[in-house]
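Data first, discussion second: the structure below is written as structure tokens.
Numbering (our numbering), first residue to last: -4 to 287.
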């Protein structure tokens, strides 16, 4: 069972004396162009494939899922799916059920493995250059797996949800849309007025009214919309939609009876099968309607 989000945040706070995002003082690592000992080869094909690559001074890894119809010729959409802390690629694959969705809808999924169980997102965890790591993965997916660079998306839960927002800001020309689940645009970096995407990245997000971090997530979402000039188009008790000045869309599901969970998930410690909606289905419908 994953460590509680509060424990992760407290640990990060002790390290950086506050809720500031962890940063690395090391030079930006560059991916190695040659194979390293223990590096797993890539052979693009349908199914699940673990891949490793040398990134800076560490051997990092990720898992690719390609649908049965994958032929290496047609450019397919790519979803980057990120786990909670501490977690792994298996956990997010199980909880999200994105593999089954990919098989049905014919898209690629990649699951980056966080270093020491987490990503260097907005308030947690570690100091790795995970933005650079994920950028490198996407470049490899485009060049080796024929992912469509105009249809690249990100999702994740908890620490992975926070990381989705960070990627949208720091790699805005990469992602067409993101779908944070039980994660938020939070922390001292997010509080900086200049910290926003420089080009349009649409957002669909899911937060629970019984999540202890609901207040932070809700405030962060409002801050995102204010910063990008996104006046509400429609509102209901559970769903709000907005169109931003840069042309991006924001859809927020606020589920009053949900905790820190993935709505509609059937398996995993953060699953909420009784949420009344399927985040996986809704995010894919949203992704399909957004390209770069």
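Idealized CB from N, CA, C, for every residue including glycine.
Residue from the options whose Cα sits closest to the Cα of residue i
i: residue 113; options: 228, 101, 200 and 56; result: 56
i: residue 92; options: 280, 277, 262 and 271; result: 262
i: residue 118; options: 276, 204, 253 and 178; result: 178
i: residue 183; options: 107, 255, 161 and 236; result: 161
i: residue 78; options: 153, 120, 165 and 198; result: 153
i: residue 96; options: 285, 280 and 286; result: 280
i: residue 287; options: 241, 256 and 269; result: 241
i: residue 201; options: 122, 256 and 94; result: 256
i: residue 219; options: 190, 51 and 52; result: 190
i: residue 65; options: 143, 76, 164 and 52; result: 143
i: residue 107; options: 76, 228 and 134; result: 76
i: residue 270; options: 230, 231 and 204; result: 204
Reduced DSSP secondary structure (H/G/I, E/B, other) of residue i
i: residue 201; result: strand
i: residue 121; result: coil
i: residue 235; result: strand
i: residue 287; result: coil
i: residue 85; result: helix
i: residue 254; result: coil
i: residue 150; result: strand
i: residue 106; result: strand
i: residue 207; result: coil
i: residue 138; result: helix
i: residue 281; result: helix
i: residue 173; result: strand
i: residue 213; result: helix
i: residue 272; result: coil
i: residue 50; result: strand
i: residue 61; result: strand
i: residue 246; result: strand
i: residue 196; result: coil
i: residue 166; result: coil
i: residue 98; result: helix
i: residue 68; result: coil
Between the CA atoms of residue j and residue i - distance to the nearest angstrom
i: residue 145; j: residue 59; result: 19 angstroms
i: residue 273; j: residue 259; result: 4 angstroms
i: residue 243; j: residue 194; result: 9 angstroms
i: residue 67; j: residue 124; result: 29 angstroms
i: residue 221; j: residue 41; result: 42 angstroms
i: residue 239; j: residue 188; result: 16 angstroms
i: residue 196; j: residue 47; result: 28 angstroms
i: residue 127; j: residue 151; result: 17 angstroms
i: residue 80; j: residue 110; result: 10 angstroms
i: residue 210; j: residue 216; result: 10 angstroms
i: residue 264; j: residue 90; result: 8 angstroms
i: residue 267; j: residue 186; result: 30 angstroms
i: residue 137; j: residue 72; result: 10 angstroms
i: residue 70; j: residue 141; result: 5 angstroms
i: residue 116; j: residue 156; result: 9 angstroms
i: residue 224; j: residue 181; result: 18 angstroms
i: residue 132; j: residue 159; result: 15 angstroms
i: residue 251; j: residue 54; result: 41 angstroms
i: residue 208; j: residue 254; result: 9 angstroms
i: residue 26; j: residue 51; result: The predicted model places residue 26 with a pLDDT of 39, which falls under 50 and marks its position as unreliable; any figure quoted below should be read in that light. So the two alpha carbons sit approximately 6 angstroms from each other.
i: residue 74; j: residue 49; result: 22 angstroms
i: residue 206; j: residue 135; result: 36 angstroms
i: residue 63; j: residue 284; result: 23 angstroms
i: residue 232; j: residue 163; result: 27 angstroms
Chain-order list of residues whose beta-carbon lies under 7 angstroms from that of residue i (same chain, five-residue window excluded)
i: residue 139; result: 37 and 39
i: residue 278; result: 150, 174 and 199
i: residue 94; result: 60, 88 and 104
i: residue 226; result: 237
i: residue 228; result: 236, 237 and 238
Contacting residues, own chain, Cβ-Cβ under 6 angstroms from residue i (five flanking each side not counted)
i: residue 282; result: 148 and 172
i: residue 234; result: 248
i: residue 44; result: 59
i: residue 246; result: 199 and 236
i: residue 319; result: No answer is possible for residue 319: the residues shown for the chain start at -4 and end at 287.
i: residue 84; result: 58, 106 and 108
Cutoff 8 angstroms; reference residue i; Cβ partners in own chain excluding five residues on either side
i: residue 130; result: 166 and 169
i: residue 321; result: Shown here, the chain extends from -4 to 287; a query on residue 321 therefore has no answer.
Does the region 167 to 177 come close enough to the region 95 to 112 that 3 or more CB-CB pairs lie under 8 angstroms?
Between the region 95 to 112 and the region 167 to 177 there are fewer than three inter-stretch CB-CB distances shorter than 8 angstroms, so the stretches are not counted as touching.
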